[in-house]
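These notes concern the structure reproduced below.
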Amino acid sequence: MKNLNGISGLALVMALSTAASQSAAFAEELADNETNVDVITVTATKTERSVFKTPTAVAVIEQEEIDRFIPLSFKDVLEGTPGISVQGGSRRIAEEPSIRGFSDQQLVLRIDGARQNFDQAHRGRFFVDPQLVKRVEVIRGSASSLYGSGAIGGVLSLETKGAKDLLREGQDLGARTSLGYQSNGEDFFASGSVFGQADKVDVLANLVFREVYHDLIDGAGNPIVDTQDRIINGHTKFGFEPTEHQRFEINADFFNGNGLNPTASDDVSSSTTVVDRDTKEYNIRGNYTYNDPDNLYINFKTVIHYGDIRTTEDRIFDDRKDISNFSSYGIDLHNTSRIVASDQVSAAFTYGFEYFKDKQDGTRNGADRPEFPDAQRQFVAGYAQLEISLMDDLVSVIPGVRYDSFDFTSNGVFAQREESDVTPRIALGINPSEQIYLWGSYSEAFRAPALTELYNDGVHFSVPSGFGPGTFVVNEFAPTPLLEPEQAKSWEAGIRFRQTDIVEDGDSFLISANYFKTDVENFVDTVVMYVDPTKPPMFIPPAGPMTFYGTTQNVNSQAAIDGFEGEIRYENSFLSASVSGFTASGKNPLTDEGLSSVAPDSMTIRITGKMPEYGFQIGARMTITAAQNDVPEDSVTTEGYQTVDLFSNWSPDDGVFENTVFSFAIDNILDEDYSVHPTVIRQPGRSFRFNVSHQF
0 MKNLNGISGL ALVMALSTAA SQSAAFAEEL ADNETNVDVI TVTATKTERS VFKTPTAVAV
60 IEQEEIDRFI PLSFKDVLEG TPGISVQGGS RRIAEEPSIR GFSDQQLVLR IDGARQNFDQ
120 AHRGRFFVDP QLVKRVEVIR GSASSLYGSG AIGGVLSLET KGAKDLLREG QDLGARTSLG
180 YQSNGEDFFA SGSVFGQADK VDVLANLVFR EVYHDLIDGA GNPIVDTQDR IINGHTKFGF
240 EPTEHQRFEI NADFFNGNGL NPTASDDVSS STTVVDRDTK EYNIRGNYTY NDPDNLYINF
300 KTVIHYGDIR TTEDRIFDDR KDISNFSSYG IDLHNTSRIV ASDQVSAAFT YGFEYFKDKQ
360 DGTRNGADRP EFPDAQRQFV AGYAQLEISL MDDLVSVIPG VRYDSFDFTS NGVFAQREES
420 DVTPRIALGI NPSEQIYLWG SYSEAFRAPA LTELYNDGVH FSVPSGFGPG TFVVNEFAPT
480 PLLEPEQAKS WEAGIRFRQT DIVEDGDSFL ISANYFKTDV ENFVDTVVMY VDPTKPPMFI
540 PPAGPMTFYG TTQNVNSQAA IDGFEGEIRY ENSFLSASVS GFTASGKNPL TDEGLSSVAP
600 DSMTIRITGK MPEYGFQIGA RMTITAAQND VPEDSVTTEG YQTVDLFSNW SPDDGVFENT
660 VFSFAIDNIL DEDYSVHPTV IRQPGRSFRF NVSHQF
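Counting in numbering that gives the first Met the number 0, the sequence shown runs from 0 upward without gaps.
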């Protein structure tokens, strides 16, 4: 770790956690919880597989952990997961995930199996409230052999709640209400849902409302300007099971976010950049699954999806109105056939097809806007993967390959481009005993350029030049229609060790560590030239103003990132504790400069105490993050910091408060003043959170 300044804070969190050594999840959930049950991933291989025996760096965040700290954003949900951070500052509409220094469209984001491709710079990628999410899976590392373009850094998969997740045993109809409050910014939260099942049908409808009434305050006591917002998020899920082994599912979501933000919503505000932003998103996803355990040859799943996002931005100081439209639709279907050759040899063969198409267009005051040009791209892909188990699962070999054909089209002067790519992967796992698992992998991945990276044109920004009164700089986008796709090669190796029944029957102890190295050819880098010497300034007589011209252009470069991730976890019936950490180094081999996107070294400590007989739990989380100074010249640097969060919840199993959950949390109790690299905007200071929910 570099520049860790959190020793005194670490002592504090240990003291707080020890003093709070009785905690527990909600009583009914704890009663069913077995600490030594394998956690299952379905994202890593598109088949159900134990995380412990998966030759991939994968993390699973379950419902209990999502709810623990009363999350107001996905930063709260993902904090402490090795290798992942959430950038974008304290404005929820700006949040974007980052994995191992890769972000934006270098990551694949999926909701209920459907791709979410929207990525308009500085405007966030999450259009679903954490309240609606029941499970998160994170693949760290290249995954293009299954997920195609964008999976250079990994995959973030969200699964939303349905009626069956909320109905209690023996219940066919129910409702749930939640009310919450955060002191910082006077943030109010309300959620209501109704759900039920009858025969072969189950239905859920959920509506979430959030509003920050005042600007948030950072750890130094200063307002984080233009952080007020209002969010309405609707979610419905309809399920139909005509037979025991088939399920049809339709998910429909609506998101509406309003707020005064700067044009780049993850940046500081100024009098000339603030816009009244309204974001509307509609998303519908259809899923079909056939899974009969007795049928070795058919385990089939199809996902069909359509999404539409419309962003309207009215700039305050001059009434300029920008409208951006983005739509995406596609289908992904795959099947798994299982082959049992003998007692010692078996295999699972997964093969599939994917198609998706993205379209965008934008206007400014009613005219076409070159900064968000009318353009589209489409992908057609086929993929196959073989999971081979040898010697009674002592050795696993998993080769896979995917072929993508894709093209770009712009209604401007640029010609259509058609390209293709093949991305293979092979992984090896060795399981010499139930306690030890060794794994390694080699994979290739690619990312096709985003439409805005290829075709952006027009003015990027206009500011006073600093060369004297009456002088300005106008920075303009330079289109790069021949920008090459990023190509990555990754090597990984890891070890996991687990032991059960150490202190008491059913407890568990886990150590996991892995090393990764990724080399990227044609790495897309954005170069902002404040004043372009090839463009002479324009002087308007007789006395000015004088205008200088600069350029913003995407260029292909190179990148090399390597690092370590690790976790130690212990859990029993009354206590859980974990330490997780991440360290990475990124360089541009051409210049030997650091990469501005790589997150700093970090470590997270969690301690939770449990009292299941009383339905009570209490605990703490501390994150220690190093400074990040290894960046290119004139890039953003960030200081090291440490944050401590506390939580408690109580869910009585009888009496007047039966079926009610009371939750209390203190976020950033040390009132730390910090920002998440590479974002310049500060994070909120201390905040008291309260939430109460009741199920009928």
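We put the beta carbon where it would ideally sit given N, CA and C, even for glycine. Since this is a predicted model, take the numbers as computed values, not measurements.
Alpha helix (DSSP H) runs wholly inside the region 629-692, at least 4 long, in chain order: Whole alpha helix (DSSP H) segments, 4+ residues: zero.
What's the gap between the Cα of residue 261 and the Cα of residue 181? The alpha-carbon atoms of residue 261 and residue 181 are separated by roughly 23 Å.
Compute the Euclidean distance between the alpha carbons of residue 321 and residue 158, then round it to the nearest angstrom. Whole-angstrom Cα-Cα distance: 33 Å.
Go ahead and label residue 213 buried or exposed: buried means 16 or more other beta carbons lie within 10 angstroms of its beta carbon, across all protein chains shown. By the 10 Å Cβ count, residue 213 comes out exposed.
From 680, 245 and 693, pick the residue whose C-alpha is nearest to that of residue 268; which is it? When only C-alpha atoms are compared, the closest one is 680.
Presumed contact (8 Å Cβ cut-off) between residue 371 and residue 271, rounded CB distance: Distance from residue 371 to residue 271 at the Cβ level is roughly 19 Å; contact not present, criterion being Cβ atoms closer than 8 Å.
Residue range of the alpha helix (DSSP H) that includes residue 66: Element bounds for residue 66: 62-66.
Any 3 or more C-beta pairs closer than 8 Å across the region 217-226 and the region 246-264: Short answer: they touch.
Along the chain, where does the alpha helix (DSSP H) containing residue 162 start, and where does it finish? Counting along the chain, the alpha helix (DSSP H) containing residue 162 begins and ends at 162-165.
Per-residue DSSP class, three states only, for residue 276: Residue 276: strand per DSSP, three-state reduction.
Since residue 204 and residue 190 are thought to touch, with beta carbons under 8 Å apart, how far apart are those beta carbons, to the nearest angstrom? The C-beta distance from residue 204 to residue 190 rounds to 12 Å, too long to fall under 8 Å, and the pair is not in contact.
Where DSSP assigns a beta bridge to residue 585, which residues make up the other side? Under DSSP, residue 585 shares a beta bridge with 560.
Along the alpha helix (DSSP H) that carries residue 75, what are the first and last residues, could you check? Annotation for residue 75: the continuous alpha helix (DSSP H) segment containing it runs 73-77.
Do residue 755 and residue 399 have their C-beta atoms closer together than 8 Å? There is no way to answer for residue 755, as the model of the chain reaches only from 0 to 695.
Check residue 533 in the structure and name its three-state DSSP category. Secondary structure at residue 533: coil, using DSSP grouped into helix, strand and coil.
Reference residue 153; option with closest CA among 109, 118, 175 and 128: Of the listed residues, the one whose Cα sits closest to residue 153 is 109.
Out of 68, 579 and 59, point me to the one whose CA is closest to residue 663's CA. The shortest C-alpha separation from residue 663 is found at 68.
Quick one, are the C-beta atoms of residue 648 and residue 693 less than 8 Å apart? Inclusion of residue 648 and residue 693 in the CB contact set at 8 Å is not warranted, their separation being larger than that value.
Beta-carbon within less than 7 Å of residue 554's beta-carbon, same chain only, minus the 5 sequence neighbours each way: which residues are those? Hits under 7 Å: 524 and 526.
State buried or exposed for residue 343, treating a residue as buried only when at least 16 other CB atoms are found within 10 Å of its CB. In this structure residue 343 is exposed. Its beta-carbon is surrounded by fewer than 16 other beta-carbon atoms within 10 angstroms.
Give the DSSP bridge partners of residue 390, in chain order. Residue 390 is not bridged to any residue.
Evaluate contact between the region 135-142 and the region 166-184, counting only Cβ atoms and requiring at least three cross-stretch pairs below 8 Å. Too few Cβ pairs lie closer than 8 Å, so no.
Assign residue 319 to one of two classes, buried (16 or more other C-beta atoms within 10 Å of its C-beta) or exposed (fewer than that). That one is exposed.
According to DSSP, residues forming a beta bridge with residue 247: Bridge partners of residue 247: 239 and 287.
Can you give me the start and stop residues for the alpha helix (DSSP H) that residue 452 sits inside? Where residue 452 is concerned, the enclosing alpha helix (DSSP H) stretches over 450-454.
Ends of the alpha helix (DSSP H) at residue 145? Counting along the chain, residue 145 sits inside the alpha helix (DSSP H) bounded by residues 143-146.
On the CB-based measure, 16 or more other CB atoms within 10 Å of its CB, does residue 349 come out buried or exposed? In this structure residue 349 is buried. Its beta-carbon is surrounded by 16 or more other beta-carbon atoms within 10 angstroms.
Rounded to whole angstroms, how far is the Cβ of residue 396 from the Cβ of residue 113, which I believe are closer than 8 Å? Rounded, the Cβ-Cβ distance is 30 Å, inconsistent with contact.
Give the range of the beta strand (DSSP E) segment to which residue 488 is assigned. Counting along the chain, the beta strand (DSSP E) containing residue 488 begins and ends at 485-499.
Within 10 angstroms of the Cβ of residue 602, are there 16 or more other Cβ atoms? Answer buried if so, exposed if not. Looking at its Cβ environment, which holds 16 or more other Cβ atoms inside 10 Å, residue 602 is buried.
For the beta strand (DSSP E) holding residue 425, just list the boundary residues, first then last. Under the DSSP assignment, residue 425 falls in the beta strand (DSSP E) whose first and last residues are 416-432.
Taking the alpha-carbon positions, what's the residue 276 to residue 485 distance? For residue 276 and residue 485, the distance between alpha carbons rounds to 32 Å.
Is the Cβ-Cβ distance between residue 331 and residue 351 less than 8 Å? With respect to residue 351, residue 331 sits close: the two C-beta atoms are nearer than 8 Å.
Distance CB(residue 696)-CB(residue 278) smaller than 8 Å: Since the displayed the chain opens at 0 and closes at 695, residue 696 lies outside it and no answer follows.
Checking 8 Å against the spacing of the C-beta atoms, do residue 454 and residue 374 come in under that value? Contact: yes.
Does the beta-carbon distance from residue 83 to residue 96 come in below 8 Å? Their beta carbons are under 8 Å apart, which means residue 83 touches residue 96 by this criterion.
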